[in-house]
Every structure is written in structure tokens, then in C-alpha cells.
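Enquirer:
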Amino acid sequence: MGHASRVLLVLLAFGFFFATYNLLAIIIHKKASYLGILGADRLEDPVIQRPEKAENPKYHVALTATDAPHSQWQCRMMYYWYNKVKNMPGSDMGKFTRVLHSGNADNLMEEIPIAVVDPLPEGLDQVIIIFATLSQFSVLAI
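With positions in the sequence shown counted from 1, the corresponding number in this note's numbering is that position plus 32.
Printed below as a string of C-alpha cells:
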């Protein structure tokens, strides 16, 4: 059997050094942010901060949905978790609206605030590609 070349050993050592350095940097950064060292309030986003002048801004959650059974199940789950977060102290959750784009009312009218809209004409909905079902859930700032 032959021996490993020096170039291979140097590349292997450099790879281990790079991986170890990045792992330690991630751990130290996460620990510092968890302990509140990097910011006074670790729940505050340093990039997008709440406006100082706004009295009590709330977020309006708009959910697009169809009348399909799987969509109704997803809407119930999202509305359940919306209510859980809204009832937490200091929550910024405002109102919730399910935008039903089938054009007809369904059995969730009594459970969830809803706005029924007409469906798009055939072919216009081909432009938007949905990568995951969770992308139907969006939060709009008011």
C-alpha cells in the first residue's frame, strides 16, 4: 500500500481546521445571543425593529385557501396556532382573515373569519409556483 501524499494531508488538515473553526464560531455566537450578550433583548430582531412612534401596531394574518379538505385542515391548524400566539402576553398579532378563493362558502365560515372571493380566470393562476403548502400562510403588517 502506498502512503498518502503531502498535498492530500495538507488539504485534509485544512478541511478539518475550517470545519472546526466554523462549528466553534456558530456555537459561541448562539451561546452569546442566548445569554443576551449580543443584545439587550434577545427576542428583538436587530435588523427589523419596531417603530418607536407607533402606539400598538398589530399584524394582520391573511391566509389564502381553497375549499379542499386538506386546505381546510391546514386552515384549522394555522388558526389554532394563531390564537395560541395571540393570547400570549405582549403578542403583536392582530386580526386573522382566511381568503377563500373558490367563490363559494364552506363549513369553516362559523369557525374562522373569512373573505370569499371569486377564483381567478383559467390560466392566470399558472404564474405562481407554490413550493410548499406552508407558503400559503403569509403575515402582512398593517
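Using N, Cα and C, we set each Cβ at its ideal position, and we do this for glycine too.
With Lys-127 as the anchor, note down where its beta strand (DSSP E) starts and where it stops.
Expert: By 1-based counting over the sequence shown, the position of residue 127 is 95. Its beta strand (DSSP E) spans residues 125-132.
Enquirer: Indicate the three-state DSSP secondary structure (helix, strand or coil) for Val-8 in the structure shown.
Expert: Within the shown structure, residues of the chain are numbered from 33 to 174, placing residue 8 beyond reach of any answer.
Enquirer: By Cβ distance below 7 Å, which residues in the same chain neighbour Ser-134 in space, the five residues on each side in sequence not counted?
Expert: Within the sequence shown, the letter at position 102 stands for residue 134. Within the same chain, Ser-134 has close Cβ partners Thr-98, Asp-99 and Pro-151.
Enquirer: Given this structure, state the Cα-to-Cα distance separating His-35 from Trp-113, to the nearest angstrom.
Expert: As a working mapping, residue 35 is identified with position 3 in the sequence shown. As a working mapping, residue 113 is identified with position 81 in the sequence shown. When rounded, the distance between both Cα atoms is 59 Å.
Enquirer: Determine whether the beta carbon atoms of Thr-129 and His-102 lie at a separation below 8 Å.
Expert: By 1-based counting over the sequence shown, the position of residue 129 is 97. By 1-based counting over the sequence shown, the position of residue 102 is 70. For Thr-129 and His-102, no; Cβs fall outside 8 Å.
Enquirer: Is it right to say Met-141 is buried, meaning 16 or more other beta carbons lie within 10 angstroms of its own, or is it exposed?
Expert: Taking the first residue of the sequence shown as position 1, residue 141 is located at position 109. Exposed.
Enquirer: If you follow the beta strand (DSSP E) that His-92 is in, where does it begin and where does it stop?
Expert: The sequence position of residue 92 within the sequence shown is 60, counting from 1. 91-97 is the span of the beta strand (DSSP E), which, as asked, contains His-92.
Enquirer: Sorted by chain position, which residues of the same chain lie with C-beta nearer than 8 Å to Cys-107's C-beta, five sequence neighbours on each side aside?
Expert: Locating residue 107 in the sequence shown gives position 75, counting from the first residue. These residues qualify, in order along the chain: Leu-95, Ala-97, Arg-130, Leu-140 and Ile-144.
Enquirer: Over the uninterrupted beta strand (DSSP E) stretch that includes Val-148, give me the two end residues.
Expert: The residue given as residue 148 occupies position 116 in the sequence shown. That run of the beta strand (DSSP E) goes 146-148.
Enquirer: Going by Cα to Cα distance, which pick from Leu-40, Asn-115 and Ala-137 is closest to Val-148?
Expert: Here residue 148 refers to the residue found at position 116 when the sequence shown is read from its first residue. Of the listed residues, the one whose Cα sits closest to Val-148 is Ala-137.
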